[in-house]
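All residue numbers in the sequence shown are consecutive under our numbering, ending with 325.
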Amino acid sequence: MYDVIVIGGGPAGLQAALTIGRMHRSVLLLDSGQYRNATVEHAHNLLTNDGRSPAELRRLARDELGAYDTVEVRTTAVTAVSGSIGDFEVTTADSTERAARLVLATGMRDELPPVPGLAEQWGRLVAQCPFCHGHEFAGRRVGILIDGEHAEMIERMLRPVVASAFIARPAAVALLTEVDGGLELALADGSVEHVAGVFTAATATQRAPFADQLGCGSLPSGGVEIDAMGRTTVPGVYAGGDMAHLAAVPGPMVSLAAAIASGQLAGASAVRDAITP
């Protein structure tokens, strides 16, 4: 029986495990090896690690966790969860483990607009967060393939960064192709636009079903509902990272720094709640 099992080996799960391990509680981190930012070559907007690859960040984090005797990390996918506070059961392909508390950090899955060629550039020359990827296109022309008012907001955010922006609905683009110096957008009307990169809006859904299996509440944003300390609506279950949303601030959390912060809160709450009468 572990004090806590953390499901998910991205930044939120790794930070949760570190926080719990530093309090000498037994924690098992289960990592499926699937990550939302798997296609991203360089992570940005993360203090002291700006430009480092997500894979390298995960490697460094695992190395740091190895210094704590009460932290165990396994690369294996969880298949089911059940139980209640004090006795949760987590099943993988290899074993069944039990814990008094759970931290869910399984992330979200992105569904991109159906533009041919868009998915192949996702995480490289196609992104959705100006904070994470806008600076890399500084002084150049970018495309914004987003429907509605959100496109105008992204364009206003990027004005001080890029030289200009071409805005189009995703349905207006027939093909996106990588060319020397950026991307070529073949439009449905027969015209062509050349840009350094593209910003688009993905639809995010839960990557794993475990919050549903445990009966955790969800929000219209698609996120698992948490309070300010990472507690879900189910006692003993905490959540962090982009899968977990505050009711007052609905929307996916996409930055590494925010995911790390939420993982720390979830891990700390799991420890603190265990000693609260």
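In this text, a Cβ means the ideal position worked out from N, Cα and C, and glycines have one as well.
Length of the line joining the Cα atoms of residue i and residue j
i             : j                 : result
threonine 124 : arginine 204      : 43 Å
threonine 281 : isoleucine 274    : 7 Å
glutamate 89  : proline 102       : 7 Å
proline 218   : proline 162       : 8 Å
alanine 65    : alanine 236       : 49 Å
arginine 255  : alanine 186       : 33 Å
glutamate 226 : alanine 167       : 12 Å
serine 310    : glycine 155       : 12 Å
valine 285    : serine 239        : 52 Å
alanine 292   : arginine 106      : 20 Å
leucine 288   : phenylalanine 258 : Here residue 288 is glycine; the residue named in the question, leucine, does not match the sequence. Each residue's alpha carbon lies about 13 Å from the other.
glycine 58    : glycine 81        : 9 Å
valine 121    : leucine 294       : 28 Å
aspartate 117 : methionine 49     : 16 Å
arginine 70   : leucine 108       : 17 Å
alanine 316   : threonine 140     : 25 Å
leucine 150   : leucine 94        : 27 Å
arginine 73   : alanine 91        : 30 Å
valine 119    : glutamate 145     : 14 Å
proline 268   : alanine 250       : 16 Å
Buried or exposed (CB count within 10 angstroms, at least 16 for buried), residue i
i                 : result
leucine 78        : buried
isoleucine 308    : buried
phenylalanine 179 : exposed
aspartate 290     : buried
glycine 114       : exposed
aspartate 158     : buried
glycine 182       : buried
Option in the options with minimal Cα separation from residue i
i              : options                        : result
valine 138     : Ile192, Val210, Ile55, Arg106  : Ile55
leucine 62     : Ala322, Gln312, Ser317, Gly265 : Gln312
glycine 131    : Cys264, Val221, Asp321, Phe247 : Cys264
valine 246     : Pro257, Gly81, Ser212          : Ser212
alanine 222    : Leu233, Ile215, Phe214         : Leu233
threonine 96   : Ala322, Leu304, His183, Val121 : Leu304
aspartate 260  : Ala128, Leu108, Arg100, Tyr83  : Ala128
alanine 153    : Gly134, Arg320, Ile194, Ala306 : Ala306
arginine 188   : Ile202, Val272, Val210, Ser80  : Val210
isoleucine 133 : Asp195, Thr118, Val52, Ala314  : Val52
leucine 160    : Gln176, Leu150, Arg149, Leu267 : Gln176
arginine 84    : Ala252, Thr118, Thr67          : Ala252
histidine 242  : Ala216, Pro208, Ala249         : Ala216
arginine 110   : Ala60, Arg149, Phe136, Gly99   : Ala60
leucine 170    : Glu197, Thr248, Glu184, Met201 : Just to set this straight, residue 170 is tryptophan in the shown sequence, not leucine. For tryptophan 170, the nearest C-alpha among the options comes from Thr248.
proline 283    : Leu206, Gly230, Ala148         : Ala148
proline 164    : Leu193, Glu145, Ser74          : Leu193
threonine 67   : Thr324, Ile323, Ala314, Ala296 : Ala314
Host alpha helix (DSSP H) of residue i (start-end)
i              : result
leucine 66     : 59 to 69
glycine 311    : 304 to 323
isoleucine 202 : 197 to 206
leucine 262    : 258 to 262
arginine 107   : 102 to 113
Limits of the beta strand (DSSP E) - the one that residue i falls within
i                 : result
valine 246        : 245 to 248
arginine 149      : 144 to 152
leucine 94        : Note, leucine 94: premise wrong, no beta strand (DSSP E); not H, not E.
phenylalanine 179 : Unbroken run through phenylalanine 179 is the alpha helix (DSSP H), 178 to 181; no beta strand (DSSP E).
aspartate 51      : 50 to 55
aspartate 79      : 75 to 79
alanine 216       : 212 to 216
glutamate 89      : Where glutamate 89 is concerned, there is no enclosing beta strand (DSSP E), given that its DSSP letter is neither H nor E.
glutamate 159     : 156 to 159
threonine 124     : Counting along the chain, threonine 124 falls outside any beta strand (DSSP E), and DSSP gives it neither H nor E.
Bridge partners - residue i, DSSP secondary structure assignment
i             : result
leucine 294   : Ile274, Val297
serine 130    : Glu137
arginine 172  : None, per the DSSP bridge assignment.
glycine 284   : DSSP output for glycine 284 lists no bridge partner at all.
glutamate 226 : Leu231
arginine 279  : Tyr286
serine 266    : Val272
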